[in-house]
Amino acid sequence: MRLFVSEGDPGSLPVLAAAGRAQGRAELRISTVGPEERVVPFLTQPKVPVLQLDSGNYLFSTSAICRYFFLLSGWEQDDLTNQWLEWEVTELQPALSAALYYLVVQGKKGEDVLGPVRRALIHIDNSLSRRSCPFLAGETESLADIVLWGALYPLLQDPTYLPEELGALHSWFQTLSSQEPCQRAAETVLKQQGVLALRPYLQKQLQPSLLEGKAVSNEPEEEELATLSEEEITIAVTAWEKGLGSLPPLRPKQTPVLPVAGERNVLITSALPYVNNVPHLGNIIGCVLSADVFARYSRLRQWNTLYLCGTDEYGTATETKAMEEGLTPQEICDKFHVIHADIYRWFNISFDIFGRTTTPQQTEITQDIFQRLWNRGFVLQDTVEQLRCESCARFLADRFVEGVCPFCGYEEARGDQCDKCGKLINAIELKNPQCKLCRSCPVVKSSQHLFLDLPKLEDRLEEWLGKTLPGSDWTPNARFIIRSWLRDGLKPRCITRDLKWGTPVPLEGFENKVFYVWFDATFGYLSITANYTDQWEKWWKNPEQVNLYQFMAKDNVPFHGLVFPCSALGAEDNYTLVSHLIATEYLNYEDGKFSKSRGVGVFGDMAQDTGIPADIWRFYLLYIRPEGQDSAFSWTDMLLKNNSELLNNLGNFINRAGMFVSKFFGGYVPEMVLTSDDQRLLAHVTLELHHYHQLLEKVRIRDALRSILTISRHGNQYIQVNEPWKRIKGNEADRQRAGTVTGLAVNIAALLSIMLQPYMPTVSTTIAAQLQLPLPACSILSTDFLCTLPAGHQIGTVSPLFQKLENDQIESLKQRFGGGQAKASRKPTDVETVTTDVETVTTAGPQQIKVLMDEVTKQGNIVRELKAQKADKNQVAAEVAKLLELKKQLALAEGKPLETPKGKKKK
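Residue numbers 597 to 1503, in our numbering, belong to the letters of the sequence shown in order.
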């Protein structure tokens, strides 16, 4: 065997220490290489440490190499060690990477460095203290000790960052650091330079971005449990004992859903997606998915809830798309409305209404609001200098002009708004404007238009904001955006356009114009409701009884928080205005932006072709929801979150709880005799449930998801500590204890199934079916943790909830959505082919690419098996030829250039 390590590479520390333990068990050569040396020929990036086995295979993850050395020395695997290794990857490493980066690269000190990793250190110290063992997994040193020691050593070798109060951690670290294999490893990697030896390595890493708020761990922490008072415990136990009988009666379903006097009436809208664009993951999380979580939660609370959305269908983009495809604008809208509806249906979005804006009701309501504004003197007439493209013989809508932003200098600003600085722009203000249709330079022409007199409405808006914002749940970015607009002073905004496809302007002299889509699009919420019920005014002209929640990305804030309120206030018709404006930041894709034309990123119509269930997409998008700052979708992180949070944490707990009922108690929930420890757990779960409610009531969707995962961790730790699989084999007291632990665990699983419903509705339904949850328990989420599965309740068949995502699968998807699918998914005009020297192949679609990927994987396995069996050379060659042919077909299908075959050199 040969071990490749690198000076200044932190991953080499635990590997060298583990190699020292296995000394004498096998012949091992250690080679020091540069960090840029490619040791593993089939990896696209340099990687160390690497262990090359005698078989010629490679191991190149730190934990895999360390595990191999421990297995050589006779170590036997155990679940607790594996749990520590999972925690090290998912929790310790991100925090530690941030701490080291701040210390070495940014030169920070003290709490700035210790802060990110403090909770992880406390967690290790608590675990060591609770078990009263010198090592993480027991009385003897294990793989977990070496891996965690190697990760922590660069930071903790400086006593400044090893808090004295963490005595158990201090003792553990000193014990390991004094061992000869660990000392040699530290000397080889750090070369007497201490943590500064890592500088070249850390400088090449991305600046870390830690999760906001509380870091989660894989078991409850002593200090958290200790904060519970006896009163809190007593209240939790009392609520638990009341069971389902304490739930209120189910609200009868009404059609249509209308406000009810004396009840909490919640009206929820998602920003209307423009019909011409297929939504990408960022659009989905910013609007419809976030709103769906809150709508589902609202219904679980028995609030009277109406959730609506629809496609925004008027405007020049629709006209132009219709011209390109040889269809009418209405036909284009019909086509794309179905695409949108199908995407949201697959993502399990629970609209009460998904409508559209091309309806008679939209025309009627928009024209009525306009007439009221006109009659009250809130509309101005003025001559507008517009950009006209002489080549296209048409006035250009703002979105079909591109140029340099006059405010920030961004070179791809649209004619209505700059995506970089967020400011609204008049197209004529753009520097170096270009027609997006033909790329010619447009000329300025004059035309009469109508303007909404925002300055005259400014005082009304300020008064309304003064009453609305205090105590509301407007997100900070929404407040900031509106305040910045007001600080700069409102200006009249043009509300008409020289187009045909739009809501007609009901004014003499303006018969050939339509309303600008940004003016009337927000009235779409009203018209969509009017298509749902002729009693729509009970929702939209009822501010005293209706709480309006509006969800959007931050670029939509000015229209919902300023333009629509000004229009409604000026119309003086008692319109319902937004109570809580919920705006997300932007979701990026890996290192850049989503781009349909370049084939970068996952769009709504592609997600279902990945083979990953909709609920996994929902979970991950909500886990990374850009609440306080922009976030990025990452395939690697999606794999980690699925495998650690869903598979190993949540799925593992719920499956174990149900399986214990089935295996040990014949499928019936056993009697529960609660000890003081069980009662403390009840109180702690109740506390986390209260936290979940508090967060969702404030629409902090991402943070509330963490509460679900925390409860699951507590459940896993509870099972692990009490070991019902052992106690069931003991005496009567042990069997009774096994029954109590199992009964309490399966009730926690039942609670989690309901808490999950807003986030993962299909998984929630599956758990409820497996546990045979009573209907009230599936439909109402109490603020207290109740015993919903009493002793004697029979559960159904239990099966795993989640599947592991494999590295190969994720790498394949990463390649596919990194730009490789652009040609493959492009619609051929007539017959689009790719010609090579060998043959002509028709470009494939995403489904065919997936089939080819599966075939390549299958054929690769056949070749590997034949080689391992040392089969006949001719047989191997024939199968290799098949594999090469499949790879060629896949490359052509993905639109990639074929690699030139490499021939053998003549001797």
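The beta-carbon is built from N, C-alpha and C at its ideal position, and this holds for glycine as well.
CB of residue i within 8 Å of CB of residue j, strictly
i: residue 1355; j: residue 1218; result: yes
i: residue 604; j: residue 730; result: no
i: residue 768; j: residue 724; result: yes
i: residue 908; j: residue 868; result: yes
i: residue 1118; j: residue 886; result: no
i: residue 984; j: residue 1041; result: yes
i: residue 1048; j: residue 1158; result: no
i: residue 910; j: residue 953; result: yes
i: residue 946; j: residue 891; result: yes
i: residue 977; j: residue 1050; result: no
i: residue 997; j: residue 1023; result: yes
i: residue 1092; j: residue 1138; result: no
i: residue 1268; j: residue 1339; result: yes
i: residue 1271; j: residue 1409; result: no
Close beta carbons around residue i, own chain, < 6 Å, minus the five adjacent residues each side
i: residue 1398; result: 1242, 1243 and 1247
i: residue 635; result: 600 and 646
i: residue 1006; result: 1014 and 1016
i: residue 1152; result: 867
i: residue 1037; result: none
i: residue 1126; result: 957 and 1132
Nearest-angstrom Cβ-Cβ length linking residue i and residue j, presumed shorter than 8 Å
i: residue 1163; j: residue 969; result: 7 Å
i: residue 1147; j: residue 876; result: The Cβ separation is near 17 Å, so there is no contact.
i: residue 1101; j: residue 1115; result: Residue 1101 to residue 1115, Cβ: 10 Å. No contact.
i: residue 1020; j: residue 1154; result: 7 Å
i: residue 677; j: residue 764; result: Their Cβ separation, rounded to whole angstroms, is 18 Å, which puts residue 677 and residue 764 out of contact at 8 Å.
i: residue 999; j: residue 963; result: About 33 Å; that fails the 8 Å criterion.
i: residue 1220; j: residue 1071; result: Not confirmed; about 17 Å, so no contact.
Contacts around residue i, its chain only, beta-carbon distance under 7 Å, and the 5 residues preceding and following it disregarded
i: residue 1423; result: Any answer about residue 1423 is weak, because its pLDDT of 39 lies below 50 and its placement is not dependable; what the coordinates show is given next. Hits under 7 Å: none found.
i: residue 632; result: 642
i: residue 948; result: 853, 902, 903 and 904
i: residue 878; result: 1182, 1183 and 1190
i: residue 1456; result: 1479
i: residue 1203; result: 1213
Residue nearest to residue i in terms of C-alpha spacing, selected from the options
i: residue 695; options: 715, 681 and 989; result: 715
i: residue 841; options: 1381, 744 and 1395; result: 1381
i: residue 1285; options: 1306, 682 and 1012; result: 1306
i: residue 1044; options: 1074, 1103 and 1056; result: 1103
i: residue 936; options: 1201, 838 and 1025; result: 1201
i: residue 793; options: 607, 1222 and 624; result: 607
i: residue 1371; options: 1132, 1150 and 1349; result: 1349
i: residue 1396; options: 1166, 1009, 1254 and 1331; result: 1254
i: residue 1283; options: 1027, 1269, 1304 and 1406; result: 1304
i: residue 610; options: 784, 967, 990 and 1406; result: 784
i: residue 919; options: 988, 628 and 1009; result: 988
i: residue 1394; options: 1251, 1120, 720 and 1315; result: 1251
Same chain only: Cβ atoms within 8 Å of residue i, ignoring 5 sequence neighbours per side
i: residue 791; result: 696, 699, 700, 750, 751, 753 and 754
i: residue 776; result: 616
i: residue 1400; result: 1238, 1239 and 1243
i: residue 1358; result: 944, 1209, 1210 and 1211
i: residue 1475; result: 1455, 1458, 1459 and 1462
i: residue 760; result: 766
i: residue 597; result: 622, 623, 624, 625, 647, 648, 649 and 650
Range of the contiguous alpha helix (DSSP H) that encloses residue i
i: residue 1313; result: 1297-1318
i: residue 1260; result: 1248-1261
i: residue 1404; result: 1403-1412
i: residue 1063; result: 1050-1064
i: residue 617; result: 608-617
i: residue 1082; result: 1072-1084
i: residue 988; result: Here residue 988 belongs to no alpha helix (DSSP H), and DSSP marks it neither H nor E.
i: residue 1375; result: 1371-1375
Continuous beta strand (DSSP E) stretch holding residue i: start and end
i: residue 568; result: Lying outside 597 to 1503, the shown extent of the chain, residue 568 is not represented and no answer is given.
i: residue 864; result: 861-866
i: residue 626; result: 625-628
i: residue 1148; result: 1142-1149
i: residue 979; result: 975-985
i: residue 1176; result: 1176-1180
i: residue 900; result: 900-907
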